[in-house]
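When you line the sequence shown up against my numbering, it's residues 16 to 238, in that order.
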Amino acid sequence: MIKKLAAFAICAVFSYSVFLFANPKQEKMPKSFVDVQTVIPNAYYDIRYFGTDNFVGAKVDGYKAPKCFLTKKAATALAGVETELEQFGFKLRLFDCYRPQMAVDHFIRWAADTKDTKTKARHYPNVDKGNLFNGYIAAKSGHTRGSVVDLTIDNLDMGTSYDFLGEQSNTAYPKISKQAGINRLMLKAIMEKHGFENYDKEWWHYKLKKEPYPKKYFNFPVE
Numbered sequence: 016m017i018k019k020l021a022a023f024a025i026c027a028v029f030s031y032s033v034f035l036f037a038n039p040k041q042e043k044m045p046k047s048f049v050d051v052q053t054v055i056p057n058a059y060y061d062i063r064y065f066g067t068d069n070f071v072g073a074k075v076d077g078y079k080a081p082k083c084f085l086t087k088k089a090a091t092a093l094a095g096v097e098t099e100l101e102q103f104g105f106k107l108r109l110f111d112c113y114r115p116q117m118a119v120d121h122f123i124r125w126a127a128d129t130k131d132t133k134t135k136a137r138h139y140p141n142v143d144k145g146n147l148f149n150g151y152i153a154a155k156s157g158h159t160r161g162s163v164v165d166l167t168i169d170n171l172d173m174g175t176s177y178d179f180l181g182e183q184s185n186t187a188y189p190k191i192s193k194q195a196g197i198n199r200l201m202l203k204a205i206m207e208k209h210g211f212e213n214y215d216k217e218w219w220h221y222k223l224k225k226e227p228y229p230k231k232y233f234n235f236p237v238e
């Protein structure tokens, strides 16, 4: 009887351990974050990593819904941008907001697989995939801190598509049309006015200067 009970206990512990391994505790979104659509209802939400229209060419880990989450501080600042743009008949189009660490890990795995080049022609035609770690893909992303957003002004030509990985996407790249250059500068000016700063290799990438979590990287899913 004792042997049977011992065997049962061992099996129970093993089963519970397997359950915990297969179902790790999921990180929850902090109360300091907000669904941006509740703050900026009139913007367009074109969340690319929820689908396949992105440089990976697949739905990205951690994106369970086409939603945009940001810290409340960043969302409030961005609402000021949208309000000002709407006065001139424009609206924001948002491509990515908070990005979980599991998504960044997906990017790393994809970039390391140099045989997968199905999106090269559209997203990185002039860059060897192995060189994407030089300025485009990293083990940590500012997006994961919750105060970085990828966006554009809807219906304006910015010279390249979103997530085009190459020098043409540098904000100050000179060999684009005059109008596209003006449009990039207009986006940069209004974002800076409301407290954001641009990553100069990507015209679409803006970080809140006074971000509330400068050293914290989150990993809750977008859902």
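The beta carbon of each residue, even a glycine, is placed where N, CA and C say it ideally should be.
Please list, in chain order, all residues of the same chain as residue i whose beta carbon is under 7 Å from its beta carbon, the five residues on each side excluded.
i	result
G150	K216
R114	S156, H158 and T159
D61	R108, L109 and F110
W219	F110, D165, L166, T167 and Y177
M44	F84 and F235
Exposed or buried, residue i, counting other C-beta atoms within 10 Å across all chains shown (16 or more means buried)?
i	result
A118	buried
N69	buried
G174	buried
A22	At A22 the pLDDT is 41, less than 50, meaning the model places this residue with poor confidence; the figure from the coordinates comes in the next sentence. Exposed is the call here.
S192	exposed
F84	buried
N198	buried
Let me check one thing: in DSSP terms, what residues is residue i bridge-paired to?
i	result
Y60	L109
L166	L109
D50	F84
L223	F211
V237	Y78
Keeping to the same chain, check which residues put their C-beta closer than 6 Å to that of residue i; ignore five residues upstream and five downstream.
i	result
V54	A90 and A94
E238	K79 and A80
Under the assumption that residue i contacts residue j (Cβ atoms under 8 Å), give the Cβ distance between them as a whole number of angstroms.
i	j	result
L100	I168	7 Å
D50	K82	6 Å
A195	D172	5 Å
L180	L147	6 Å
On a CA-only basis, which of the options is nearest residue i? Give me that one, please.
i	options	result
S184	Y214, I205 and K193	Y214
G145	W125, G161, V164 and V163	W125
Q52	G72, L109, A204 and R137	L109
Y228	A58, V237 and K88	K88
A58	W219, F48, N234 and K106	K106
A154	A127, K133 and R137	A127
C112	M206, G161, T98 and K135	G161
Can you give me the Cβ contacts of residue i inside the same chain, cut-off strictly under 8 Å, excluding the 5 residues immediately before and after it?
i	result
A92	H209, G210, F211 and L223
T67	A73 and K74
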